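Quick note on our numbering: the sequence shown kicks off at 13 and runs consecutively. Virtual Cβ for every residue (Gly too), placed ideally from N, Cα, C. This one's a predicted model, so the numbers in the text were calculated from it and none came from an experiment.
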Amino acid sequence: MDHSNESVNGILFSKDRSQILLIKRRDVPVWVLPGGGINTGESPEVAVLREMEEETGLKVKISRKIAEYTPLCRLARFTHFYECETIEGRPQTGDETRAIQFFSLNELPKRLPPPYPDWIKDAISSQTSLLKKEIASVTYFVMLKNLILHPLLVIRFLLTKIGITFNSK
């Protein structure tokens with residue numbers, strides 16, 4: 013099956029599960045869960061391992077697949093979401109990552125963009141079976157609202173969607 017029009021995200025908890033690892037992107041400077049696109053011929057599982065290492069510097073293994081998310085519009089992609097565990101390494105920034113930090117689940121960044129707050133809730137829920145949900149928080153209306161509230165961030169995000177990136181180090 014071709015997954016090249018899909019994406020992956022991973023979540024990494026602290027050992028006591030009270031914190032999660034987030035990255036601040038270079039192109040759009042917001043805190044997000046590590047992840048990205050699936051390369052041609054790559055499985056979602058291989059893609060999340062690659063993306064986690066590229067964006068966090070950590071070698072990880074998959075603990076479980078949490079969810080599959082279906083987009084409601086062209087602003088998002090079908091996404092496979094995994095919980096991961098560290099095998100080796102220390103968190104470090106990379107070409108796509110401006111900063112990396114563990115955040116308490118009670119003190120997440122205020123401007124965590126959609127759909128990440130919903131996905132974090134899914135990851136910490138006691139649900140054991142694979143979730144299959146729509147990405148309800150990523151819509152054109154939400155994008156318009158955020159354009160008014162955070163114009164520079166949304167413009168940078170939209171430019172990345174058409175291939176124009178600001179990857180300043």
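### Message
Looking at the strands, I want to know which residues DSSP matches up with W43.
### Response
K36
Are the Cβ atoms of T172 and D28 separated by less than 8 angstroms? In this structure, T172 keeps its C-beta atom at 8 angstroms or more from the C-beta atom of D28.
Point to revise | Outcome for M64 when other beta-carbon atoms lying within 10 angstroms are tallied against a minimum of 16 | key: The residue in question, M64, is buried, as its Cβ has 16 or more Cβ neighbours within 10 Å.
Exercise for review: Pick helix, strand or coil for P83, following the three-state DSSP scheme.
Suggested key: strand
- Could you name each continuous alpha helix (DSSP H) segment of 4 residues or more that falls completely within the region 129-173, going from the start of the chain to the end? 152-161 and 163-173
With a threshold of 8 angstroms, are at least 3 pairs of Cβ atoms found where one atom belongs to the region 66-76 and the other to the region 92-101? With a cut-off of 8 angstroms, the region 92-101 and the region 66-76 count as touching, because enough Cβ pairs lie within range.
| Local Cβ density within 10 Å of E146, reported as buried at 16 or more and exposed below that | exposed
- Message: What does the alpha-carbon distance come out to for the pair I112 and L33?
- Response: 7 angstroms
Taking 7 angstroms as the limit between beta carbons, can you name the residues of its chain near I50, skipping five residues before and five after? H15, S16, E18, S19, V20, P56 and A59
| request: Please go through the same chain and pick out, in chain order, the residues whose beta-carbon is closer than 7 angstroms to the beta-carbon of S30, but skip the five residues on each side of it. | output: S116 and L117
* To do: Quick one: which unbroken alpha helix (DSSP H) runs of 4-plus residues sit fully inside the region 52-84? Chain order, please.
  => 56-68
* To do: Use the C-beta contact count for Y152: other C-beta atoms within 10 angstroms, 16 or more gives buried, fewer gives exposed.
  => Classification for Y152: exposed.
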